[in-house]
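Here's the structure we're looking at; comments come further down.
Number of protein chains: 2
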Amino acid sequence: MQIIIDIDDPVPIFSQLVEQIKQAVAGEKIQPGDPLPSIRQLANDLDVNSKTVAKAYKLLERDAVIQSRGYRGTFVHPEAKDNCQIDIKAWATSQFEEFILAMRDAGVTDSEMRITFNNVLNGK
Amino acid sequence: MQIIIDIDDPVPIFSQLVEQIKQAVAGEKIQPGDPLPSIRQLANDLDVNSKTVAKAYKLLERDAVIQSRGYRGTFVHPEAKDNCQIDIKAWATSQFEEFILAMRDAGVTDSEMRITFNNVLNGK
DNA sequence: ACTTGTACCATTACCACACATGGAACATAT
DNA sequence: ATATGTTCCATGTGTGGTAATGGTACAAGT
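Here the protein sequences come in this chain order: A and B. Using the working numbering, the first residue of the first sequence is number 52, and each one after it goes up by one. Using the working numbering, the first residue of the second sequence is number 52, and each one after it goes up by one.
Next up, the structure:
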């Protein structure tokens, strides 16, 4: 597996990692059950902070594309091929679009939405 | 009618204006049909920028608490007393709470929600 | 001992937004 | 002329989040 990180790319590093690993799974360059490099190992190879790799792995595990097994390392998820096609981002986007349209119809300002949204997210 | 602006108050000036005018309507210190000071006049009296007063008036008009009649000035809305009780902000907050909870249940990160929310708002 | 993922602490840079301010112009009416 | 609300331009300040960095530490297993 080969991963290339472009520092000048406006896309965050952790996102580049997520996308390239998903592509590797979709392109069958890595198969379900295959081991992935450890967080520290990959961080070292790419000359990137380990926290950045950890963030990418965490997102990939949430999407059930990889599986973290603690001290045993990280592996490609059994149903990775299916799960890496599911784009939770696209789904969330459509949900937000619908919600925001309803809000605008109700006369809520974009500015008010931003403020309310942040207040609720921060639990205030 | 008497309006007091507190610069040190963390509450934005335009919000202070909106609240105090709503209170004046609810407390029947100004009646439906009564004229309000012009934007420039009030801005001058309070030593505040006219844009700030215009913003407050715009919000009050959206809530149907006041009515702008162009060159003729601004007046208290006929159904002002009813409308200034309706708190669109509280309603929006509850809507957002419900929506955000559903998103979290679906496994969407707060960070992803922020990004998606902004993308949709900006039409990207 | 060594490595695994994970969890805290922290700082730095950047960027987007809210808020407020100022100037200028417009159409509409007295 | 004067005044109304409205709309465009622009700037500055403060806040807050994202992203990335670094260090330290832990439990669990080889």
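We treat Cβ as the ideally placed atom computed from N, Cα and C, and that holds for glycine. Keep in mind it's a predicted model, so treat the numbers as computed, not measured.
When DSSP builds the beta bridges, which residues end up paired with V127/A?
V127/A is bridged to I117/A.
Compile a chain-ordered list of the residues in the stretch 104–124 of chain A whose CB is closer than 7 angstroms to at least one CB of chain B.
Residues of the stretch 104–124 of chain A with a Cβ closer than 7 angstroms to any Cβ of chain B, in chain order: R113.
Euclidean distance between Cα positions of A141/B and M52/A
The alpha-carbon atoms of A141/B and M52/A are separated by roughly 51 angstroms.
Just checking: is the beta-carbon of K140/A within a distance shorter than 8 angstroms of some beta-carbon in chain B?
Chain B, which has a Cβ nearer than 8 angstroms to the Cβ of K140/A, makes this yes.
Spatial neighbours of F65/A within its chain, please: CB distance less than 6 angstroms, with the 5 preceding and 5 following residues excluded, ordered by chain position.
So the list reads T103, K106 and A107, once near-sequence residues are dropped.
Buried/exposed call for L111/A, threshold 16 Cβ in 10 Å:
The residue is buried, with at least 16 neighbouring Cβ atoms inside 10 Å.
Residues that P86/B bridges to, as DSSP identifies them
Beta-bridge partners of P86/B (DSSP): F126/B.
Residue from P63/A, K109/A, V116/A and P61/A with nearest C-alpha to A77/A
For the residues P63/A, K109/A, V116/A and P61/A, the minimum Cα distance to A77/A belongs to V116/A.
In angstroms, rounded to a whole number, what distance separates the CA positions of I55/A and A143/B?
Approximately 44 angstroms between the Cα atoms of the pair.
Report all residues from its chain with a CB closer than 7 angstroms to the CB of L93/A; omit the five preceding and five following residues, and keep chain order.
Non-local C-beta neighbours of L93/A in its own chain, meaning closer than 7 angstroms and more than five positions away in sequence, comprise V104, ordered along the chain.
Nearest neighbour of D114/B, chosen from D59/B, E130/B and G121/B [CA to CA]
The option with the nearest alpha carbon to D114/B is E130/B.
Between which two residues does the alpha helix (DSSP H) carrying I170/A extend?
The question names Ile, but residue 170/A is Asn in the sequence shown. Its alpha helix (DSSP H) spans residues D161 to L172.
Under three-state DSSP, which class holds I81/A?
DSSP places I81/A outside both helix and strand once states are collapsed to three, so it counts as coil.
V76/B, DSSP secondary structure in three states:
It is helical.
Rounded distance between the beta-carbons of D60/B and Q67/B, thought under 8 angstroms
With a beta-carbon spacing of about 7 angstroms, Q67/B and D60/B fall inside the 8 angstroms limit used to define contacts.
Within 10 angstroms of the Cβ of I137/B, are there 16 or more other Cβ atoms? Answer buried if so, exposed if not.
So I137/B counts as exposed.
Any idea if L152/A is buried or exposed, counting beta-carbon neighbours within 10 angstroms, 16 or more meaning buried?
With fewer than 16 other Cβ atoms within 10 Å, it is exposed.
Along chain A, which residues have their Cβ under 7 angstroms away from the Cβ of F168/B?
Near F168/B (Cβ distances below 7 angstroms), the residues of chain A are F147 and F168.
First and last residue of the uninterrupted alpha helix (DSSP H) at I139/A:
Its alpha helix (DSSP H) spans residues I139 to D156.
Which residue from A157/B, L172/B and I90/B puts its Cα closest to that of F126/B?
Nearest in C-alpha terms to F126/B, of all of A157/B, L172/B and I90/B, is I90/B.
Cβ distance (whole Å) where F147/A is taken to contact T167/B below 8 angstroms:
Taking C-beta atoms under 8 angstroms as the contact rule, F147/A and T167/B qualify, at a distance of about 5 angstroms.
Nearest to S145/A (by Cα), restricted to the options M164/B, C135/B, S145/B and N134/B:
Ranked by Cα distance from S145/A, the options M164/B, C135/B, S145/B and N134/B are led by M164/B.
What number of angstroms, rounded off, separates the C-alpha of H128/B from the C-alpha of D133/A?
The alpha-carbon atoms of H128/B and D133/A are separated by roughly 58 angstroms.
Would you tell me roughly how many angstroms separate the C-alpha atoms of V69/A and M154/A, rounded to the nearest one?
So the two alpha carbons sit approximately 32 angstroms from each other.
Which word fits A157/B, buried or exposed, when buried means at least 16 other C-beta atoms lie within 10 angstroms of its C-beta?
So A157/B ends up on the exposed side.
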